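Printed below as a string of structure tokens:
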């Protein structure tokens, strides 16, 4: 009988582990590549759809800008300046090609680069969405964990009742009530407007606080429910019983094994919520008169500044598709079973 | 019967009843202006008070319920009408290119939140309740397609479907006669949830001016009008808000209750 030396066993095992992890990396890369191709196709189709819908709009932007009495040669010159004098296919590729290098065209009404207008407004909308996301997570996690740990008891019923109500409340109505209470009656915040980041980070954050709370509360209600049900699923697992059997207290088992495992589906929802928050901020900006993407797009609609509408919509869709892609990747990184699927 | 179902059904019926009664009776003509009686808080004559034109809020809420229900209901209809056949087809042809096209198409529509669709439609065709219906309806399609496909896929593996195939039925007939009845419960529950989301979405769209236009009364528009007057007439904002909350809460509870009631496993566990 030949003897197997421990060293060769170890070498064999490390070789096996290495090849397994290499296979894992390859699978992950393959999955990421597949999803990336799918992301590209989605973005391309979305851009065609958006462009096509906007193209259906009746009227010529040049004559809209110059009025009905404009001379034909002036109109032609403006059309050439705006890039409207080429075929629709050519215009589509100009638009998409421009966006790839950060050129969104020129606003029909303001005659300024759309990219600059969007960038300025993003400094309000993006921090608002992120602020709301942070708040919603901060509220939802403790609420969901508390409810799950006290399943069926008064605390659970109270949290569940509150979340049921939270889901039913429109965020812009919450915003109006916050203004009524904290701005008009208590005078802790301004009823609207944005102080700007130039006046300091905290001043800017202060003026985004009420809008962020209004956006966050309904989302927090959804997230707390997901957190609770995910945690309840985990608490029923065998490994939780094992954790208790090996001597961990209820609280220790909950935190060390329960919460950590329950986080996977919750993180997915958080990712998906970001796109809802970005879209939702468009409505909330109206309540607080914030100069964000929402205000920009509504002004553009009433001024028929279609290139701005087109670009903002594309940007929002890009954000949703990209966040979903990142969530899928993060999910696959955590759960290896998903990598095999398309 | 469970508590959620009873409470949800009661609240939802109340709102539907208010909308139906408004066709034949409202305490006052909802559009009648009465400037001397403007901005009255709730009182014996005007149960929900009056707005800045002296219009009776109770009558406006009743008529507004019609708009909310109509928009959300038709939007659910669009979602079911297109989404369910798509989901059934994808499941029947699972793994094929058709399935792939339908599901990727769904993913694409999912990337357009209803607000974004509404912005696009409004930019091109102008604002109106019809646009709100289309925008919310389009957003509902992938929801129903996914849920139908998901449920149908597991049904296709069951023995009674195999029996139907052996008896010579085609995929379309099996989908209609065997799959659809078995996913109906799920669709009813999802329909209730999408209905409540539709009410919220309609209110949001009308609030920003992308939905129902004046003089069509809508809860979202009432809130938009109330915004500048909330400091001295809070009832203008409170009452339409409560109307939305009661409706959405009622529908959500109804959805939860229906799910428990229609799911035989939970029913058996209860009994």
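Protein chains in written order, with full-length UniProt numbering: chain H, 1 to 342; chain P, 1 to 271. C-beta: ideal position from N, C-alpha, C; glycine also. Quick caveat, the model's predicted, so the values are computed rather than measured.
When beta bridges are read from the DSSP output, residue 215 of chain P appears opposite no residue.
Here residue 95 of chain H is buried. Its C-beta has 16 or more other C-beta atoms within 10 Å. With a cut-off of 8 Å on Cβ pairs, the stretch 37-56 of chain H is in contact with the stretch 115-125 of chain P, counting three or more such pairs.
The straight-line gap separating the alpha-carbon atoms of residue 91 of chain P and residue 42 of chain H is approximately 22 Å. Inclusion of residue 109 of chain H and residue 305 of chain H in the CB contact set at 8 Å is warranted, their separation being smaller than that value. DSSP, reduced to helix, strand and coil, places residue 74 of chain H within a helical segment of the structure shown. Chain order gives the chain H residues near residue 124 of chain P as 53, 54, 56, 57, where near means a beta carbon separation below 7 Å. A direct Cα-Cα distance of roughly 7 Å separates residue 36 of chain P from residue 54 of chain P. In the DSSP assignment, residue 71 of chain P falls within the unbroken alpha helix (DSSP H) covering 57-92. Assignment of residue 106 of chain H by DSSP, reduced to helix, strand and coil, places it in the strand class. According to the DSSP assignment, residue 206 of chain H belongs to the alpha helix (DSSP H) that extends over 201-235. Interface annotation for the stretch 172-188 of chain H against chain P: 172, 173, 176, 177, 179, 180, 184, criterion Cβ-Cβ distance under 8 Å. Residues of the stretch 150-181 of chain P with a C-beta atom less than 7 Å from some C-beta of chain H do not occur. Distances from the alpha-carbon of residue 111 of chain H to those of H/66, H/128, H/139 put H/66 closest. Neighbours of residue 230 of chain P in chain H, taken as residues at a C-beta separation under 8 Å, are given in chain order as 176, 179, 180, 184. Using a Cβ distance threshold of 8 Å, residue 140 of chain P and residue 75 of chain P count as a contacting pair.
The alpha-carbon of residue 250 of chain P is positioned some 26 Å away from that of residue 28 of chain P.
Assigned with DSSP and collapsed to three states, residue 242 of chain H falls in helix. Between residue 88 of chain P and residue 175 of chain P, the C-beta gap is smaller than 8 Å, which places the two residues in contact.
For residue 211 of chain H, none of the residues of chain P pass the 8 Å Cβ criterion, the least Cβ distance being about 14 Å.
Here the alpha carbons of residue 290 of chain H and residue 178 of chain H stand approximately 15 Å from one another. Residue-level contact by beta carbon fails for residue 141 of chain H and chain P, as no gap is shorter than 8 Å.
Burial is judged here by how many other beta carbons sit within 10 angstroms of a residue's own beta carbon; residue 202 of chain P has at least 16 and is buried. In terms of CA proximity to residue 317 of chain H, P/109 leads the group P/236, P/60, P/162, P/109. In its chain, beyond the 5 residues on either side, 212, 216 have a beta carbon closer than 6 Å to the beta carbon of residue 135 of chain H.
Taking a cut-off of 8 Å for Cβ pairs, the stretch 282-289 of chain H and the stretch 251-269 of chain H do not touch, as fewer than three such pairs fall below it. Residue P/189 holds the alpha-carbon nearest to the alpha-carbon of residue 5 of chain P among P/98, P/177, P/136, P/189. By the C-beta density criterion, residue 251 of chain H is exposed, having fewer than 16 other C-beta atoms within 10 angstroms. A direct Cα-Cα distance of roughly 19 Å separates residue 68 of chain H from residue 81 of chain H. In this structure, the alpha-carbon of residue 93 of chain H lies about 10 Å from that of residue 47 of chain H.
Taking one beta carbon from each stretch, the stretch 35-49 of chain P and the stretch 96-108 of chain P have fewer than 3 pairs nearer than 8 Å; the two do not touch. The secondary-structure analysis by DSSP pairs residue 50 of chain P across a beta bridge with P/56. The beta carbon of residue 165 of chain H sits closer than 8 Å to some beta carbon of chain P. Note on the stretch 235-313 of chain H: whole alpha helix (DSSP H) runs with a minimum of 4 residues are 238-245, 250-253, 260-288, 293-302, in chain order. Annotation for residue 129 of chain H: 277, 278, 281 place their beta carbon closer than 6 Å to its own, counting only its chain and skipping 5 residues before and after. Take the alpha-carbon of residue 116 of chain H and the one of residue 194 of chain H: they are about 19 Å apart.
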